[in-house]
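Once you know that position 369 of the sequence shown is 369 in my numbering, the rest is easy, because the numbers rise by one and skip nothing. Worksheet for the structure shown next.
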Amino acid sequence: MEFEPVICFEVHAELNTRSKLFCACPNAIAQGPNKHICPVCTGQPGVLPVLNKRAVELCIKTGLALNCKINPKARFARKNYFYPDLPKGYQISQYEEPLCEDGTLMVHLRDQELIPVGIKRVHLEEDAGKLVYPSKGIEEAPYTLVDFNRAGVPLIEIVSDHQRDPITSLELAKAYLENIRQLLRYIGVSHCQMELGQMRADVNISLRPKGSKGFGNRVEIKNMSSFRFILEAISYEMKRQEELLRQGQEILQETRLFDEARKITIPMRSKEDAPDYRYFPEPDLVPLDLSERDIQRIREEIPELPWSKAQRFMDQYGLSREEAMVITKEKGVSDYFEACALKFMDKRRLYTWITKELFRIVPREEITPEGCAFPPEFMVDLISLLESKRLTEGLAREVMERSLGGSLSPSKIVELEGIEIMDEKEGLMEVVKKVLVQNPEAVQKVKMGQVNTLNFLVGQVMKETKGKADPKVIRDLLMKEI
Ligand SMILES: [Zn+2]
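What follows is the structure, given as structure tokens:
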């Protein structure tokens, strides 16, 4: 018998808002612990929450991008549990009436195949604070510190559906997480920087015989914030559960933790003592009352999504599928490409200069039409210089690095510094002759028909001229002389 996994994700993402969900404290990286706190987000007696409108809009925006139904009368609920990082003793979340339900994400598997994954719900909630242990682990620490900067930061929780179009392979699980992250970044809902904990996931996983529609007992793995660990944990759980099932044993329904060092999951708590959260409607917040117009306005904020943009780039600019996928991975990069593309015929050259040269010197997250240290006008200018053969690739690279972050355009730098291609008139022939005299053996080989050796000679001339000459011209001159 062959088994297949049924994988369900609860993805948490911190929203890009200026302030926290229920108070005016900044939602930003703080200079030190407990800097962004107030009586509301530290749960002092007598305070009342005031809902952040932008957070509601961003949650709806996510729901719309995931093809969910939006509940105009959504309400908040109290999730009660005791933990020292939760100052009120409860978390304001959503339970029975979440903002968004019943969506679908078309996941791009291997950038080609489209597989639907059901989205059960997307809801809004507040984050908890952070416990800080002075030594390595919770067990050895003599005391614990608490930092409430994160308490009250708005989160969305995206729950995939284990019944309707579930995730049934490790490969699809990976593609799903990548697509969710790309989508949230594209629509400007979250930065999703995993290393800052801005995106985290809980995973539910069970096995069933392949082809069956039933469900086995599921195991939950909590709070992971790296794609690699999430996939390692799923992969380990698949093997562990399959072994037990093959031995005729039952899978215990329980919560497990992933031990990152040993790459195994270990039991945390069983179903018997699973917490009872005693959910009830939040009495301090009235239910929402959204109009069709409010929702329409948010729908209009959603930009072209990466997958349709990739298709359009293929049709409009003649990029291959692979190239279109690379250039549309980050919204800023795709906007940058488009800001330049309208000016050139040769889109492939532009693609190469962005992915090979710009990616080398500017971090991808910093590439946007407005914010890039090498703005689109400079790129257009530089490629024009290449196209009109006023620069070699080597010189262009040098000019690019020199204009990076400055106000001088590539043309201006070329003009001011007198940079120009070395050609016959500029003494290139002398260099060619010198190289030929220095390498008699290579010349002999080329005469015998060893074409590869010619490339070596081209390289020697390039070195002598410090990349100032066009390799094609050098090649022609060498051939003429030999
Ligand atoms: Zn606050």
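Idealized CB from N, CA, C, for every residue including glycine. Please read all numbers here as calculations on a predicted model, not as lab measurements.
Looking at C-alpha atoms only, which residue of VAL435, GLN444, LYS447 is the closest neighbour of GLY459?
VAL435
Would you call the stretch 303-313 and the stretch 328-346 touching, i.e. three or more CB-CB distances under 8 Å?
yes
Verify whether the separation of the beta carbon atoms of ILE295 and ILE115 is less than 8 Å.
no
Do you know how far the Cα of ARG54 is from the Cα of LEU48?
18 Å
Given a cut-off of 8 Å, decide if LYS343 and VAL399 are closer than it, judged by their beta-carbon atoms.
no
Thinking C-alpha only, which one of GLN438, LYS79, PHE3, ALA128 is nearest ALA13?
ALA128
Do LEU428 and LEU477 count as a contact pair if the criterion is CB distance below 8 Å?
yes
Using alpha carbons as the reference points, say which of GLU377, CYS68, ASN217 lies closest to LEU244.
ASN217
Quick check on DSSP: helix, strand or coil for LEU145?
strand
Nearer than 7 Å: is that true of the beta carbon of GLY118 relative to any heavy atom of ligand 1?
For ligand 1, not one heavy atom lies less than 7 Å from the Cβ of GLY118.
Go ahead and label ASN223 buried or exposed: buried means 16 or more other beta carbons lie within 10 angstroms of its beta carbon, across all protein chains shown.
Result: exposed.
Using alpha carbons as the reference points, say which of GLN94, GLU97, GLU430, VAL56 lies closest to ARG297.
VAL56
Measuring from each Cβ to the nearest heavy atom of ligand 1, keep the ones under 6 Å and list them in chain order.
LYS20, CYS23, CYS25, ILE37, CYS38, VAL40, CYS41, GLY152
Got a sec? Which residues, its chain only, sit under 8 Å from ASN452 by beta carbon, not counting five neighbours each side?
Correct list: empty, nothing qualifies.
Hey, quick one: how far does the alpha helix (DSSP H) through GLU503 stretch, first residue to last?
Since the first residue shown for the chain is 1 and the last is 482, residue 503 is missing from the structure and cannot be characterised.
Can the beta-carbon of GLU178 be found less than 8 Å from the beta-carbon of GLY152?
no
In the DSSP assignment, what are the bridge partners of VAL122?
CYS100, ILE158
Could you pull the DSSP bridge partners for MET106 from this structure?
Its beta-bridge partners are PRO116.
So what does DSSP say about TYR133, is it helix, strand or coil?
coil
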